[in-house]
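Going down the list, the protein sequences come from chains A and B.
In terms of this note's numbering, the first sequence opens at residue 745 and continues consecutively.
In terms of this note's numbering, the second sequence opens at residue 158 and continues consecutively.
Written out below as structure tokens is the structure these notes cover.
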Amino acid sequence: MTKKNSTEETAHSSQRRRFLTRLWFWLGALALAEGAYLAVRFLHPRKPQARSGDFGALIEAGAVDSFQTGSVTAFPRGQFYLSRLDDGGFLAISRTCTHLGCTVPWVEETKAFACPCHGSVFDIAGSVMNSPAPRALDIFPVSIENNMVTVDTSVRLKRFEFDTKQAAYPKKI
Amino acid sequence: MNPPPRLQPEKPSLLRRIWQSIFPIPIIPRTEQDRRRTFFTYLVLHFRPATLPEKTLKFSLSWGLGGMAAVLVGLQIGTGLLLKFVYEPSATAAYESVRVVMLEVPFGLLVRNLHHWCANLLVLVAFLHMLRVFFTGGFHPPRQFNWIIGLTLFAVVLAANLTGYLLPWDQLSFWAVTVSTGMLEYIPGIGLALQKTIRGGAEIGPATLRIFYAVHTAIVPLVLGLLMAFHFWRIRKAGGLVVPRGPEEEPDPNPVRVPVLPNLLVREATVAAVLIAVVMLLAILFDAPLAEPANAGLSPNPTKAPWYFSGLQELLLHLHPIFAVFVIPALAACGLVCIPYLNYDKTVGGTWFVSRYGRRTAIQATVAGFFITPVLIGIDDWIIKPESGLIDLPAYIGRGLMPAALLLLAAFGAYRVVKGRGSDHRSEAVQAVFVLMAAAFIVLTITGWWFRGESMLLAWPW
């Protein structure tokens, strides 16, 4: 072996060594990433399987005429209130306060939702009357077919304030 | 038949040999030389140096607060393991199993009370420890990074407390954790995803309990143990505590050293014994609360976050949510992390409040903080309520940018006033800003915890 050859050899081997070291490094990083991915997947919430009539499923609330205008009916299993507005429209309002997540009761005397935790107050349509809540109560989509009111509690709609487009109206016969 | 001649001295008895295999040299050293050998022979003592600078023994240098925190962690592990034998981490059985601990298990009530009081004291002691390290300049090189480890430890202690708070699954814990995790929603971008991951779903439920139990009983002890070992190791590498010296003095390269055994160990044992006695007394006299079983349909009035988060919750009553739970806490955390890396004109060690001037300005800043914060809370609650329409601006300006600017202005003002024109009081000025902010935070916490009654209106606690 000539001298030139041997230095070339060293250069090659040091290059190879650097490559292998890097390879080990990247393999280690990959293993870490796999571990992190596993942890995230394990932590990730599973899809809740809602039983019919419970929160997360389609809930048949009742016939249109069984709800008077200007009234609020609680559906504890569905975790919402069905508000019938004065103009006859329906809103399915979430019971979870938009401030920090407390459960908001309907107060019949004042005709308002009053959060017991931090004093937020919402009107019959769920709009904020009194802070600290930053936005109106969430709603669930309401559909009315064959005079029957149905609420889809698997879809939560966020909104800033009430708008008549949010309410569902029974078809005029 | 002659007996064989005795060539060796009499063999020690079996028990004696077993004892010697465990403890090769006497446990209680009788000479100076034995003492050094004791340290190198025994694992537990090996964490300690053989000698330490005599001046660092002074009680008013450390108040034994770091040691107290370590003792409390030890008690938590002991009582926690006991509770683990009875507690059932499921939404249907958790509450009942806590009642079993309290009513049926011998001394179960005492063990649960101990776990409760140690947890709360740990937050307090860790906070006081941080104050003491700050005021005695324990964050200057070579202890810079240990300050960061300490901050991380404090965060882990808070996580331990919050995850433990949920486990009884009563009305108190259910809604406190609802409110605490509800704050996460306001972090821009990742808030909702973070909240969903921590809760294991959109709302608090069985999945939340499962996750919190795993974090509380496995991840927290592991991380706490590793970080504590790291924390202690850095203290040793820094040569123990700061050797106290005057503002003008150079660090003494060869301070007078005394043996750790007995000087330090006896002092530490005394602090530990007194602390354990106090915790025992608290646990005997005051029971840990247990409210009605958790009911997702009924929020109690008022619902409060645990006391160490009630400062944040109080801030949330006054400011725009993004500022209350994200911008201002992020600024505060940033400030805390930056403390050891700022430029200081004096790297004093072991002297409280840097100098006489520093002590005076620190007291002034404390008084200012304790006076201004309640006044601001009162003004906001009684005069500029959002309903009054007095400040007719969008919430993110009127209740966000403006108060945040006011806060920065206060910090900057305190800095300028204390630093003075062209003088070298930078260390004292940074200290004044820290004190002002700490005082404001303490007032917010006290107000949120004691002075908020029904519907979170201001009320007297009695």
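Quick reminder that beta carbons are idealized off the backbone N, C-alpha and C, glycines included.
In this text the structure is predicted, and so the values were computed from the model without any measurement.
Near residue i, what residues of its chain come up, given a Cβ to Cβ distance below 6 Å and the 5 sequence neighbours on each side ignored?
i	result
residue 233 of chain B	275
residue 816 of chain A	825, 827 and 850
Indicate whether at least one CB of chain A lies closer than 8 Å to the CB of residue i.
i	result
residue 457 of chain B	yes
residue 248 of chain B	no
residue 198 of chain B	no
residue 326 of chain B	no
residue 613 of chain B	yes
residue 478 of chain B	yes
residue 473 of chain B	yes
Over what stretch of residues does the beta strand (DSSP E) that includes residue i continue unbroken?
i	result
residue 828 of chain A	824-828
residue 806 of chain A	802-807
residue 836 of chain A	834-838
residue 888 of chain A	886-889
residue 133 of chain B	Missing from the structure shown is residue 133 of chain B; chain B here goes from 158 to 619 and no further.
residue 817 of chain A	815-819
residue 857 of chain A	856-858
residue 380 of chain B	Unbroken run through residue 380 of chain B is the alpha helix (DSSP H), 377-394; no beta strand (DSSP E).
residue 894 of chain A	892-896
residue 511 of chain B	Where residue 511 of chain B is concerned, there is no enclosing beta strand (DSSP E), given that its DSSP letter is neither H nor E.
residue 872 of chain A	872-874
Would you say residue i faces chain B, with C-beta separation under 8 Å as the test?
i	result
residue 756 of chain A	no
residue 779 of chain A	no
residue 847 of chain A	yes
residue 870 of chain A	no
residue 772 of chain A	no
residue 745 of chain A	Confidence is the limiting factor: at residue 745 of chain A the pLDDT is only 47, short of 50, which leaves the residue's position unreliable, though a coordinate-based value still follows. Answer no: the Cβ-Cβ gap between residue 745 of chain A and chain B never drops below 8 Å.
residue 920 of chain A	Outside the modelled stretch of chain A, which goes from 745 to 917, sits residue 920 of chain A, for which no answer is possible.
residue 844 of chain A	yes
residue 820 of chain A	yes
residue 863 of chain A	yes
residue 817 of chain A	no
residue 885 of chain A	no
residue 876 of chain A	yes
residue 914 of chain A	no
If I measure Cβ to Cβ from residue i and keep anything under 7 Å in the same chain, skipping five residues before and after, which residues do I get?
i	result
residue 194 of chain B	182
residue 871 of chain A	880, 905 and 906
residue 613 of chain B	459 and 474
residue 745 of chain A	The predicted position of residue 745 of chain A is uncertain, since its pLDDT is 47 and thus under 50; no value can be drawn from it.
residue 482 of chain B	340, 343, 344, 469 and 473
residue 839 of chain A	823, 824, 825, 847 and 848
residue 126 of chain B	The question about residue 126 of chain B has no answer, for chain B in this structure spans 158 to 619.
Using CA atoms only, rank isn't needed, just tell me which of the options is closest to residue i.
i	options	result
residue 530 of chain B	B:369, B:603, B:612 and B:454	B:603
residue 903 of chain A	A:763, A:814, A:878 and A:764	A:878
residue 553 of chain B	B:481, B:477 and B:538	B:477
residue 862 of chain A	B:587, B:458 and B:235	B:458
residue 330 of chain B	B:401, B:255 and B:528	B:255
residue 305 of chain B	B:609, B:497, B:511 and B:224	B:497
residue 465 of chain B	B:587, B:509, B:279 and B:434	B:279
residue 258 of chain B	B:366, B:241 and B:508	B:241
residue 383 of chain B	B:606, B:288, B:593 and B:307	B:307
residue 568 of chain B	B:526, B:609, B:541 and B:600	B:526
residue 876 of chain A	B:514, B:537 and B:175	B:537
residue 371 of chain B	B:522, B:415, B:244 and B:573	B:244
residue 555 of chain B	B:541, B:565 and B:566	B:541
residue 211 of chain B	B:495, B:419, B:180 and B:501	B:419
residue 485 of chain B	B:391, B:594, B:437 and B:450	B:594
residue 490 of chain B	B:366, B:311, B:185 and B:237	B:311
residue 624 of chain B	A:760, A:866, A:762 and A:783	Nothing can be reported for residue 624 of chain B: it is not among the residues displayed for chain B, which extend from 158 to 619.
residue 362 of chain B	B:615, B:323 and B:222	B:323
residue 426 of chain B	B:228, B:364, B:456 and B:600	B:228
residue 400 of chain B	B:318, B:352 and B:290	B:290
Note down, in chain order, each residue of its chain lying with its Cβ closer than 8 Å to the Cβ of residue i, except the 5 sequence neighbours on either side.
i	result
residue 813 of chain A	828, 829, 830, 831 and 832
residue 560 of chain B	475, 476 and 480
residue 316 of chain B	372 and 377
residue 909 of chain A	none
residue 501 of chain B	297, 583, 584 and 587
For the ligand COA, is there a heavy atom less than 7 Å away from the beta-carbon of residue i?
i	result
residue 443 of chain B	You won't find the ligand COA in this model; it holds no ligand whatsoever.
Got a sec, what are the start and stop residues for the alpha helix (DSSP H) residue i sits in?
i	result
residue 494 of chain B	485-495
### Query
If you scan the region 574-614 of chain B from start to end, which runs of the alpha helix (DSSP H) of 4 or more residues do you find wholly inside it?
583-607
### Query
At which residue ranges does the region 234-276 of chain B contain complete alpha helix (DSSP H) runs of 4 or more residues, listed in the order of the chain?
251-260
### Minimum length 4: unbroken alpha helix (DSSP H) runs contained in the region 411-477 of chain B
417-442 and 467-475
### Task
Can you check the region 282-343 of chain B for any alpha helix (DSSP H) of at least 4 residues that lies completely inside it and give the ranges in chain order?
301-323 and 328-339
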